[in-house]
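Here is the structure we will look at, set down as structure tokens.
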Amino acid sequence: MGPALVAVQRTQVIRCPIAPDRVARELSALERARLRSREQLQQIRGRVAGLTGPDLAAIFDAQLLMLDDPLLVRRAATIVMEERVNAEWAVQRALDELAEVFNDVADPYLRERKGDLLDVAGRLRMNMRGEQGGPRDLLQDLDAPCVLVADELTPSAVVQLDWSRIRGFATEAGSRTYHTAILARSLGVPAVVGLRDLTQRIPPGASVIIDGDTGEVTIDPPPAERQEAEARARLAHRHLPPPRAAEGPAITRDGIRIRLEANIERVDEVAAALESGAEGIGLYRSEFLLAGGPPDMAGEDEQYDVYRQVVERMAPRPVTIRTFDVDERQLVRPLVDAALDARWFPEPERAGRGGLRGIRFGLAHPAIFKTQLRALLRAAVHGRLRVLFPFVSSVQEVRAARAFLAEARGQLEARGAAAGQAAAGIMIEVPSAAFTASLLAREAGFFTIGTNDLIQYTLAVDRADERVSDRYEPLHPAVLRMIRHIRRGAVRQGIPVSVCGEMASDPMLLPLLIGCGLTEFSMTHGALPMARRLVAETSAGEMARVAARVLTLGTVDEIERFLRDALGPADVPTTEVNTR
Ligand code: PEP
Ligand code: MG
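Those letters in the sequence shown? Residues 442 to 1021, per this note's numbering, in order.
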């Protein structure tokens, strides 16, 4: 619970309450932006005058005057000091006040000068953003604890935030498998995602309660409700189950051994994974170590140190490290940002999800890819490491990736560095890979089924898009058939197959997956104790019969009803882990 900090990326203006010692920094950023804007406008004016003569150049005379108008920059400075907010927001506020004045002007010529005003304010804001310390920096420097309310919140922003100052968050984008939601679960941060129009409904500074258990966000709650929520929050903290030590292997009621591993995004989760009894790391999303920066910034030694730490701390348990599942945009964005004018345009609404990402990115950027592979092979000397290639969609890609792995090994040998043994496996998360599982099984050392992407691509439902998140159906017959098909492909070839998508940590779906013959799962460590209990209560034989019947049913509703009846109410815990 806390005052709402509303961050709207699409319009790029964030109102941020700032600490007293930040006021001076914001004021000088504002002044520098004014001076830079002045220089730019003078240059533009000179260029236009040379090209078209003095008439058009006068537009920029007017803009220069606006820049010096006390009602704009000086007013913004006053807002920064009085309200202790960031300068960018203050400029926006001053602009809104001035725009009101223009709206009331009767003379249409003068009224239209509002366009120039917007232009000047836009330039000021752009120049402030060129400064070190954009919104992300502001979010780390908050005045008081608050609740973050955003249209979108990228995982890279989440990992950099100071969570001692942010009590929870709610976003417009997203669903259960939104990466940011996955991260919230691993951080234990209350979060509600996928709420349309949220940033328009919550005024900045409004008091907000985030209830991650029920998926509810309450705006301006009456005092009684606040007190009740406070009491519940305290209770939830006090009653957090103590981390369970490993309690021996997970075995079903009828004696089938189930392997339970942890998904991690950050190295410091290893301790929690071990405490929850993880038998290994089934998925380390290595791209999170880039924290949103371009992949070519992570050097071989730096990566090696991180991978080695994970492998050593987990030893003798195996660790599966996925090569960067990044989008090419992450590489080119800093270049785009560097081009001044690019900042005038809003960010693309959402990163393309079927673009040059995952293994495609690695193959297209051999230097970055081989750097990572060398770091992985070096780390493999210190324990059991498996290399995992994401977003594979064809046999050629696996062959090409393995050739790079061999080349990376050759490079290490040539310089006399030690390279360990590492199985090379692939994520099955794209329908083309699922359909060709039996062919891919000949090329890969192991499979891990990424149900998050597999569902989104099979059903053509963007998992981050709240408008279609109700169509994101793990129990869709197409999804279940695909999983069965993938498992068969692996089993016939005799390679291991696990499930590492969020399906594995869903209390209703885990028994069904066991019934489909799957015996290895990787999930957020917070869900491992639940999974262990559930496995002990499940009969794999009974679930195999349930799965056989489920696979004959035609609709999600029929499947869900049948499954609920089969599992019985007691077997289906109703709460999910931390977030919805
Ligand atoms: C998946 O797609 O299921 C998966 C585990 O990978 P990610 O969620 O990182 O895309
Ligand atoms: Mg995936």
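By construction, the Cβ of each residue, glycine as well, lies at the ideal position given by its N, Cα and C atoms.
{"Asked": "Own chain, CB closer than 6 Å to Pro684, minus 5 neighbours either side, in chain order", "Found": "The predicted position of Pro684 is uncertain, since its pLDDT is 47 and thus under 50; a value taken from the coordinates is nonetheless stated next. Cβ within range, chain order: Glu716."}
{"Asked": "Extent of the continuous beta strand (DSSP E) run through Thr612", "Found": "Ile607 to Thr612"}
{"Asked": "Helix, strand or coil at Ile651 according to DSSP, with G and I counted as helix", "Found": "strand"}
{"Asked": "Alpha carbon of Ile660 to alpha carbon of Leu594, nearest angstrom", "Found": "20 Å"}
{"Asked": "Segments of 3+ residues assigned as beta strand (DSSP E) that fall wholly inside the region 919-996", "Found": "938-940 and 961-965"}
{"Asked": "Per-residue DSSP class, three states only, for Phe876", "Found": "helix"}
{"Asked": "Inter-stretch contact at 8 Å, needing at least 3 Cβ pairs: the region 994-1007 / the region 747-755", "Found": "no"}
{"Asked": "Length of the line joining the Cα atoms of Leu954 and Ala968", "Found": "16 Å"}
{"Asked": "Assigned exposure category for Val658 - 16 Cβ within 10 Å defines buried", "Found": "buried"}
{"Asked": "Asp998 Cβ short of 7 Å to the ligand MG heavy atom set", "Found": "no"}
{"Asked": "Asn527 in three-state terms, based on DSSP", "Found": "coil"}
{"Asked": "Residue nearest to Ser616 in terms of C-alpha spacing, selected from Ile809, Arg912, Gly958 and Gly609", "Found": "Arg912"}
{"Asked": "Inter-stretch contact at 8 Å, needing at least 3 Cβ pairs: the region 869-888 / the region 923-930", "Found": "yes"}
{"Asked": "Cutoff 6 Å; reference Leu804; Cβ partners in own chain excluding five residues on either side", "Found": "Ala841"}
{"Asked": "Spatial distance of Leu895 from Cys941 (CA atoms)", "Found": "11 Å"}
{"Asked": "Under the three-state DSSP convention, the category Val633 falls into", "Found": "strand"}
{"Asked": "Beta-carbon gap between Val987 and Gly956 smaller than 8 Å", "Found": "yes"}
{"Asked": "Within 8 Å, strictly: CB atoms of Gly886 and Ala865", "Found": "yes"}
{"Asked": "Exposure of Glu523, with buried meaning 16 or more beta-carbon neighbours within 10 Å", "Found": "exposed"}
{"Asked": "Any non-hydrogen atom of the ligand PEP closer than 7 Å to Asp947 Cβ", "Found": "no"}
{"Asked": "Terminal residues of the beta strand (DSSP E) in which Arg758 lies", "Found": "From DSSP, Arg758 is part of no beta strand (DSSP E); its letter is neither H nor E."}
{"Asked": "contact_flag[the region 488-505, the region 615-629] where n(CB pairs < 8 Å) is 3 or more", "Found": "no"}
{"Asked": "Below 5 Å from a heavy atom of the ligand MG - residues by beta-carbon", "Found": "Glu870, Gly891 and Asp894"}
{"Asked": "Contact belief for Phe610 with Ala591 at Cβ below 8 Å, rounded distance in angstroms", "Found": "7 Å"}
{"Asked": "Cβ-Cβ distance between Ala470 and Met569 below 8 Å", "Found": "yes"}
{"Asked": "Heavy atom of the ligand PEP within 7 Å of Gly942 beta-carbon", "Found": "yes"}
{"Asked": "Start and end residues, beta strand (DSSP E) containing Ile697", "Found": "Ile697 -> no beta strand (DSSP E), and no H or E assigned at all."}
{"Asked": "Any non-hydrogen atom of the ligand PEP closer than 7 Å to Thr595 Cβ", "Found": "no"}
{"Asked": "Cα-Cα separation between Leu468 and Gly799, rounded to whole angstroms", "Found": "42 Å"}
{"Asked": "Near the ligand PEP: Asp766 beta-carbon under 7 Å from a heavy atom", "Found": "yes"}
{"Asked": "Contact set for Ala714: own chain, Cβ-Cβ below 7 Å, skip 5 residues either direction", "Found": "Ala703, Ile705, Ile722 and His966"}
{"Asked": "Stretch pair the region 479-487 + the region 624-644: three plus CB contacts closer than 8 Å", "Found": "no"}
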